[in-house]
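**Student:** Could you have a look at this structure, given as structure tokens, before my questions?
In our numbering, the protein residues as written are 1382 to 1482.
See the structure below:
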């Protein structure tokens, strides 16, 4: 029985180098903390977070525009108070009509 195939010390240099290169490649591709796989996942997550940030910036700009409009337009403020919160002036009567749908 030939045992030199089982003993890594007797292997040819080319086989040892290819085993070492394969181990290093597998290590850096999948096992390492900063592996290529992990970096790809982090880049994907980064892109998602950038998209969400842009959406939130747009929503913030819209809300700031609404706030400015409410501060500068008392008629709009009165309309919202009446429609959404059912407020009225002291000398008014409010009649609510329920529509049957």
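Where is the CB? At the ideal position from N, CA and C, for every residue including glycine.
Because the structure is a prediction, the values reported are computed rather than measured.
1) Once DSSP output is grouped into helix, strand and coil, what is the label at residue 1415?
2) Hey, could you find the ends of the alpha helix (DSSP H) residue 1466 is sitting in?
3) Would you tell me roughly how many angstroms separate the C-alpha atoms of residue 1461 and residue 1433, rounded to the nearest one?
4) At what residues does the alpha helix (DSSP H) containing residue 1401 begin and finish?
5) If you run the structure through DSSP and keep just helix, strand and coil, what is residue 1476?
6) Which of the three DSSP states, helix, strand or coil, is assigned to residue 1433?
7) Determine the contact status of residue 1404 and residue 1410, defining contact as a CB-CB distance below 8 Å.
**Tutor:** The relevant details are as follows:
1) coil
2) 1455-1466
3) 30 Å
4) 1394-1407
5) coil
6) helix
7) no
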